[in-house]
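Notes follow once the structure below has been shown.
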Ligand code: C2E
Ligand code: MG
Ligand code: MG
Ligand code: MG
């Protein structure tokens with residue numbers, strides 16, 4: 513049948529959804545099976561200081577290795593996982609794997625902050641701060657080991673509750689980041705009130721910025737805005753040395769991108785770290801204030 517959960521929790525019948533909901537139900541079953549069969553994989557992408565080339569963190573990005581379809585990318589199943597509420601199961605899994613990896617890296621001499629992506633549903637979960645407290649205790653990690661990435665639209669879905677959750681997480685000492693900054697609809701006034709530490713410039717502005725004056729202007733303004741608000745600014749989607757250099761000149765603090773590394777399986781992080789050499793030494797300035 514075609515039923516749809518409304519914001520207020522009521523379930524309404526929607527004839528137009530008939531076809532798509534049959535597909536949806538089977539996808540939900542597939543996601544549940546995937547969890548049971550251990551088909552999810554934790555990949556991580558290194559996060560690098562653009563001024564010194566040092567690795568300062570890593571972002572956890574989930575992958576689904578489907579027995580027939582192969583690698584399924586998050587854009588194909590995360591939106592659906594959000595709609596159905598399955599995202600909470602997935603987020604818990606990502607939190608757990610990220611904590612394990614973070615602890616293992618720290619013990620092996622590579623203490624790195626791990627960034628985890630959260631969705632609207634996660635922010636509406638009143639128990640999320642308690643779940644993080646429990647996670648940190650079990651894995652013997654400090655709250656500063658985690659950065660939580662939230663998109664503007666996830667916050668704007670229910671700004672009051674999102675703010676409450678974010679304030680509790682921030683008070684615990686976890687870092688908060690606004691992901692895909694510039695693509696959503698949050699107001700700057702609202703942003704000012706949120707306890708965030710980081711702005712992440714969306715890759716759509718970064719990918720081709722050395723050839724696009726408009727993108728460069730947006731990136732420059734975002735870096736200045738973030739710095740004026742006392743935030744560290746991170747660029748995603750750095751695919752070339754030219755873009756790295758440009759961002760470094762504009763004062764951007766950190767970056768991620770295929771130029772440094774694609775997301776790699778968690779267990780390949782240590783070998784990657786041992787091989788990593790910044791291809792360019794931009795400046796010898798001490799960026800510990802923003803790392
Ligand atoms: P995001 O959090 O903005 O992650 C950045 C995306 O950009 C990742 O895609 C990453 O692989 C990609 N990327 C990084 N550097 C480059 C580059 O140089 N060039 C290009 N073209 N792309 C680059 P991915 O892994 O496919 O993830 C897509 C989105 O899915 C993420 O966007 C995030 O919103 C969501 N996602 C991924 N993992 C999770 C998760 O565990 N939980 C939740 N809630 N969402 C997740
Ligand atoms: Mg992210
Ligand atoms: Mg992003
Ligand atoms: Mg994105």
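Numbering (UniProt numbering), first residue to last: 513 to 803.
Idealized CB from N, CA, C, for every residue including glycine.
Exposure label - residue i; buried when at least 16 CB within 10 Å
i: residue 607; result: buried
i: residue 786; result: exposed
i: residue 469; result: The requested residue 469 is not part of the displayed model; the chain covers only 513 to 803.
i: residue 588; result: exposed
i: residue 741; result: exposed
i: residue 724; result: exposed
i: residue 581; result: exposed
i: residue 783; result: exposed
i: residue 600; result: buried
i: residue 760; result: buried
Inter-residue spacing [alpha-carbon to alpha-carbon] between residue i and residue j
i: residue 633; j: residue 594; result: 7 Å
i: residue 659; j: residue 626; result: 6 Å
i: residue 738; j: residue 748; result: 15 Å
i: residue 768; j: residue 538; result: 35 Å
i: residue 676; j: residue 791; result: 42 Å
i: residue 798; j: residue 567; result: Legend: pLDDT at residue 798 = 47, less than 50; position of this residue unreliable, no value from coordinates given.
i: residue 586; j: residue 541; result: 17 Å
i: residue 789; j: residue 565; result: 8 Å
i: residue 518; j: residue 596; result: Below a pLDDT of 50, predicted positions are generally treated as unreliable, and residue 518, at 42, falls in that range; the measurement from the model is reported next regardless. Rounded to whole angstroms, residue 518 to residue 596 spans 11 Å at the Cα level.
i: residue 628; j: residue 665; result: 17 Å
i: residue 615; j: residue 758; result: 34 Å
i: residue 620; j: residue 648; result: 18 Å
i: residue 733; j: residue 700; result: 13 Å
i: residue 638; j: residue 776; result: 32 Å
i: residue 726; j: residue 576; result: 36 Å
i: residue 653; j: residue 643; result: 13 Å
i: residue 584; j: residue 574; result: 10 Å
i: residue 752; j: residue 618; result: 30 Å
i: residue 603; j: residue 552; result: 11 Å
Expected contact under 8 Å - CB spacing of residue i and residue j to nearest Å
i: residue 690; j: residue 712; result: 6 Å
i: residue 766; j: residue 560; result: 6 Å
i: residue 651; j: residue 683; result: At roughly 20 Å, the Cβ-Cβ gap does not stay under 8 Å, so residue 651 and residue 683 are not in contact.
i: residue 781; j: residue 556; result: 6 Å
i: residue 694; j: residue 714; result: 5 Å
i: residue 743; j: residue 707; result: Wrong, their Cβ atoms sit about 11 Å apart, outside the cutoff.
i: residue 671; j: residue 697; result: No, residue 671 and residue 697 are not in contact; Cβ-Cβ is about 11 Å, not under 8 Å.
i: residue 645; j: residue 605; result: With a Cβ gap of about 18 Å, residue 645 and residue 605 do not count as contacting.
i: residue 579; j: residue 570; result: Wrong, their Cβ atoms sit about 28 Å apart, outside the cutoff.
Neighbourhood of residue i by C-beta, 6 Å cutoff - its chain only, sequence neighbours within 5 removed
i: residue 681; result: 641
i: residue 778; result: 554, 556, 613
i: residue 728; result: 721
i: residue 687; result: 659, 709
i: residue 745; result: 711, 735, 738, 764, 765
i: residue 820; result: Lying before the first or after the last residue shown, residue 820 is absent from the chain, which here runs from 513 to 803.
i: residue 754; result: 722
Residues of its chain near residue i, where Cβ-Cβ distance is below 7 Å and the 5 sequence neighbours each way are ignored
i: residue 756; result: 562, 750, 767, 771, 792
i: residue 543; result: 589, 593, 598
i: residue 636; result: 670, 673
i: residue 622; result: 782, 785
heavy atom of ligand 6 below 8 Å from residue i C-beta
i: residue 705; result: For the structure depicted, ligand 6 is absent and the ligand set comprises only ligand 1, ligand 2, ligand 3 and ligand 4.
Residues near residue i in its chain [Cβ-Cβ closer than 8 Å; skip 5 each side]
i: residue 656; result: 625, 685, 686, 687
i: residue 609; result: 554, 572, 778
Proximity test, Cβ basis, 9 Å: residue i and chain D
i: residue 788; result: The question asks about chain D, but that chain is absent: this structure has only one protein chain.
request  = Return the chain-ordered ranges of every alpha helix (DSSP H) run that is complete within the segment 652-680 and spans a minimum of 4 residues.
outcome  = With a minimum length of 4 residues, the unbroken runs of alpha helix (DSSP H) contained wholly in the segment 652-680 fall at 664-668.
request  = Mind listing, in chain order, the continuous alpha helix (DSSP H) runs of no fewer than 4 residues lying wholly within the segment 539-606?
outcome  = For secondary structure counted as the alpha helix (DSSP H) over 4 or more consecutive residues, the segment 539-606 holds these complete runs in sequence order: 586-596.
key: Contiguous alpha helix (DSSP H) assignments of at least 4 residues, all confined to the segment 709-787   = With a minimum length of 4 residues, the continuous alpha helix (DSSP H) runs that stay inside the segment 709-787 are 715-718, 725-740, 753-761, 781-787.
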